[in-house]
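Numbering (the UniProt record's numbering), first residue to last: 1 to 349.
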């Protein structure tokens, strides 16, 4: 093998030794950008890389792991609101199984079926997605949908057996949530065609459904919890609207009436932030009404940084700053959910 030439290590021959070789700044930036794009690809985020060939990575990309987090968290909030969760190994494992059902299995099913029915929109907005890019075949996608759906429902039934339910509450929630996911994405109903119905269905799926599952697993799901979490899901509607800004052009071309298409970007951004803030404040007001003042105060304090990031990022440029806003503000929203769950459990609601 020939000796390396000076230019392979440094522009200065006199300092030429292999240990001094460093990537140029441009090369380092390209490498960092490439890693970021691949991470986004794996998580199913906007701005992903294309060209993945590993079928299991492609399947994971279809399931959008980034979307599992709020559903997993919803189970935690439901367990807290039950007032009956105790820190035993058995309960931790059972809660983890419920998180597996809500996140990877049923949220994965939801995202896969959504990509299947959104392949024409994705060809415009996100052509690097697995289906429009041709990285995975339609029969493979359909198989994945059925495997995730049946596994999720099967695990729900097993959780009902563990909880000793005479009525299979968690199984019914899994089936109902899966049906909601189907009509959200699939014609003829395709709820997502309407910005109000679609985003509320999405908000309820991310907040109410996993909350109900976690609560039912460790306690008795009652009408008060159902109504409160459906109310909380109106804040989830606002969260769901944030995701519509990345696909305004494709939605407009294909006739989907998302809120940014219906009202324009600026008005839709205000609808989004007002829904997020007002309905969290409404939950805090309910906590005050049931004499959980400390929890209500903490919840309201957690709304303040959300308002700050809304002003700093989202309202100034929703199209550019949607991801930055979500990353900055949503941790405070999900912490507020846990605070509300703990308050409800403490009050014995």
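Here a beta-carbon is modelled for each residue, glycine too, at the ideal position from N, C-alpha and C.
Exercise. At 4 residues or longer, and completely inside the stretch 64-136: list those alpha helix (DSSP H) runs for me, N to C.
Key: 68-82, 89-100, 108-117, 119-125
Exercise. Quick one: measure Cβ to Cβ for residue 106 and residue 177, integer angstroms, because I've assumed they're closer than 8 Å.
Key: For this step, residue 106 is matched to residue 106 along the chain shown. For this step, residue 177 is matched to residue 177 along the chain shown. With 8 Å as the limit, residue 106 and residue 177 qualify as a contact, their Cβ atoms being about 6 Å apart.
Practice problem: Return the CA-CA distance between residue 336 and residue 306, expressed in angstroms with no decimal places. | Solution: Start at 1 with the first residue of the chain shown, and residue 336 comes out as number 336. Start at 1 with the first residue of the chain shown, and residue 306 comes out as number 306. Each residue's Cα considered, the two are about 11 Å apart.
Exercise. Please go through the same chain and pick out, in chain order, the residues whose beta-carbon is closer than 6 Å to the beta-carbon of residue 131, but skip the five residues on each side of it.
Key: On the chain shown, position 131 is the one that residue 131 refers to. Cβ neighbours of residue 131 beyond the five flanking positions: 115, 119.
Quiz item: Sorted by chain position, which residues of the same chain lie with C-beta nearer than 7 Å to residue 338's C-beta, five sequence neighbours on each side aside?
Solution: Start at 1 with the first residue of the chain shown, and residue 338 comes out as number 338. Contacts found: 76, 77, 80.
Quiz item: Quick one, which of 209, 147, 111 has its alpha-carbon nearest residue 64's?
Solution: To locate residue 64, count along the chain shown from 1; it is residue 64. Of 209, 147, 111, the residue nearest in Cα terms is 111.
Exercise. Kindly indicate the opening and closing residues of the alpha helix (DSSP H) around residue 297.
Key: Sequence index remark: in the chain shown, residue 297 carries index 297 (1-based). From DSSP, the alpha helix (DSSP H) with residue 297 extends over 293-309.
Practice problem: Return helix, strand or coil for residue 152, following the three-state DSSP convention. | Solution: Taking the first residue of the chain shown as position 1, residue 152 is located at position 152. Looking at residue 152 - three-state DSSP - the assignment turns out to be helix.
Self-check item: Beta-carbon proximity check, residue 170 vs residue 213, cutoff 7 Å
Solution: Sequence index remark: in the chain shown, residue 170 carries index 170 (1-based). Sequence index remark: in the chain shown, residue 213 carries index 213 (1-based). Yes, they are a contact pair.
Quiz item: With residue 290 and residue 347 assumed to form a contact (beta carbons below 8 Å), what rounded beta-carbon distance in angstroms separates them?
Solution: The residue you call residue 290 lines up with position 290 of the chain shown. The residue you call residue 347 lines up with position 347 of the chain shown. That belief holds up - the Cβ atoms of residue 290 and residue 347 are roughly 5 Å apart, short of 8 Å.
Quiz item: If you run the structure through DSSP and keep just helix, strand and coil, what is residue 243?
Solution: Numbered from 1 along the chain shown, position 243 holds the residue referred to as residue 243. Residue state, collapsed to three classes: coil.
Exercise. Confirm, please, whether the CB-CB distance from residue 325 to residue 313 is below 7 Å.
Key: Position 313 of the chain shown holds residue 313. Position 325 of the chain shown holds residue 325. A contact, by the Cβ cut-off of 7 Å.
Self-check item: Given residue 60 as reference, the closest of 166, 98, 109, 174 once Cα atoms are compared
Solution: Mapped onto the chain shown, residue 60 falls at position 60. Residue 109 is the option with its Cα nearest to residue 60.
Quiz item: Between residue 158 and residue 182, what straight-line distance do the alpha-carbon atoms span, to the nearest angstrom?
Solution: Numbered from 1 along the chain shown, position 158 holds the residue referred to as residue 158. Numbered from 1 along the chain shown, position 182 holds the residue referred to as residue 182. Rounded to the nearest whole angstrom, the C-alpha separation of residue 158 and residue 182 is 23 Å.
Quiz item: For the candidate residues 198, 165, 234, 206, whose alpha-carbon lies nearest to that of residue 99?
Solution: Start at 1 with the first residue of the chain shown, and residue 99 comes out as number 99. Ranking the options by Cα distance to residue 99, first place goes to 206.
Self-check item: Closest Cα partner of residue 343 within the set 316, 225, 160, 91
Solution: Looking up residue 343 in the chain shown gives position 343. Out of 316, 225, 160, 91, 225 has the C-alpha closest to the C-alpha of residue 343.
Quiz prompt | Limits of the unbroken alpha helix (DSSP H) element including residue 218 | solution = Counted from its first residue, the chain shown places residue 218 at position 218. Element bounds for residue 218: 208-218.
Quiz item: Can you give the Cα-Cα distance for residue 156 and residue 237, rounded to whole angstroms?
Solution: Locating residue 156 in the chain shown gives position 156, where the first residue counts as 1. Locating residue 237 in the chain shown gives position 237, where the first residue counts as 1. If you take the alpha carbons of residue 156 and residue 237, they lie about 26 Å apart.
Quiz item: Are the beta-carbon atoms of residue 322 and residue 242 separated by less than 7 Å?
Solution: The count along the chain shown starts at 1 and reaches residue 322 at position 322. The count along the chain shown starts at 1 and reaches residue 242 at position 242. Yes, the pair counts as a contact, with Cβ atoms nearer than the cut-off.
Quiz item: Straight-line CA distance for residue 278 to residue 271?
Solution: Locating residue 278 in the chain shown gives position 278, where the first residue counts as 1. Locating residue 271 in the chain shown gives position 271, where the first residue counts as 1. Whole-angstrom Cα-Cα distance: 10 Å.
Exercise. Can you tell me which of the three DSSP states residue 321 falls into?
Key: Within the chain shown, numbered from 1, the residue matching residue 321 stands at position 321. Three-state DSSP puts residue 321 in a helix.
Quiz item: DSSP state of residue 21, grouped into three classes?
Solution: Walking along the chain shown from the start, residue 21 turns up at place 21. Any reading at residue 21 must be qualified, since the residue scores a pLDDT of 47, below 50, and its modelled position is unreliable; no value is offered.
Exercise. Please report how far the alpha carbon of residue 133 lies from the alpha carbon of residue 53, in whole angstroms.
Key: Here the question's residue 133 lines up with position 133 in the chain shown. Here the question's residue 53 lines up with position 53 in the chain shown. Whole-angstrom Cα-Cα distance: 11 Å.
Practice problem: Could you tell me the distance, in whole angstroms, from the CA atom of residue 147 to the CA atom of residue 128? | Solution: If you number the chain shown from 1, residue 147 lands on position 147. If you number the chain shown from 1, residue 128 lands on position 128. One C-alpha to the other measures close to 24 Å.
Quiz item: Since residue 102 and residue 210 are thought to touch, with beta carbons under 8 Å apart, how far apart are those beta carbons, to the nearest angstrom?
Solution: On the chain shown, residue 102 is found 102 positions in, with the first residue counted as 1. On the chain shown, residue 210 is found 210 positions in, with the first residue counted as 1. Yes, they are in contact, since the Cβ atoms of residue 102 and residue 210 sit about 4 Å apart, within 8 Å.
Exercise. Please classify residue 199: does DSSP put it in a helix, a strand, or coil?
Key: Translated into positions along the chain shown, residue 199 becomes position 199. The answer is helix: DSSP assigns residue 199 an H, G or I state.
Practice problem: Under the assumption that residue 203 contacts residue 234 (Cβ atoms under 8 Å), give the Cβ distance between them as a whole number of angstroms. | Solution: The sequence position of residue 203 within the chain shown is 203, counting from 1. The sequence position of residue 234 within the chain shown is 234, counting from 1. Indeed, because the Cβ distance is near 7 Å, the residues count as touching under 8 Å.
Quiz item: Taking all protein chains shown into account, do 16 or more other C-beta atoms lie within 10 angstroms of the C-beta of residue 139, making it buried, or fewer, making it exposed?
Solution: Taking the first residue of the chain shown as position 1, residue 139 is located at position 139. Per the 10 Å Cβ criterion, exposed.
Quiz prompt | Sequence-distant residues of the same chain with beta carbon closer than 7 Å to residue 68, five excluded per side | solution = Position 68 of the chain shown, counted from the start, is the residue given in the question as residue 68. Here the set comprises 103, 104, 107.
Self-check item: Residue span of the alpha helix (DSSP H) that contains residue 250, given as start and end
Solution: The residue given as residue 250 occupies position 250 in the chain shown. 248-253 is the extent of the alpha helix (DSSP H) around residue 250.
Quiz item: Beta carbon of residue 83, beta carbon of residue 345: below 7 Å?
Solution: Your numbering for residue 83 matches position 83 in the chain shown. Your numbering for residue 345 matches position 345 in the chain shown. Yes, the Cβ-Cβ distance between residue 83 and residue 345 is below 7 Å.
Quiz item: What does a CB cutoff of less than 8 Å around residue 5 pick up in its chain, not counting 5 residues either side in sequence?
Solution: Residue mapping note: residue 5 aligns to position 5 of the chain shown, counting from 1. Unreliable positioning characterises residue 5 in this predicted model, as indicated by a pLDDT of 44, which lies under 50. A coordinate reading is not provided.
Practice problem: Report back the beta-carbon spacing between residue 230 and residue 201 to the nearest angstrom; my notes put them in contact at under 8 Å. | Solution: Reading the chain shown from its first residue, position 230 is the one you call residue 230. Reading the chain shown from its first residue, position 201 is the one you call residue 201. With a Cβ gap of about 11 Å, residue 230 and residue 201 do not count as contacting.
Quiz prompt | Cα-Cα separation, residue 349 to residue 216 | solution = To locate residue 349, count along the chain shown from 1; it is residue 349. To locate residue 216, count along the chain shown from 1; it is residue 216. The straight-line gap from Cα to Cα measures roughly 13 Å.
Quiz item: If we ignore side chains and look at the alpha-carbon of each, how far apart do residue 288 and residue 300 end up?
Solution: Residue mapping note: residue 288 aligns to position 288 of the chain shown, counting from 1. Residue mapping note: residue 300 aligns to position 300 of the chain shown, counting from 1. So the alpha carbons of these two residues sit roughly 11 Å apart.
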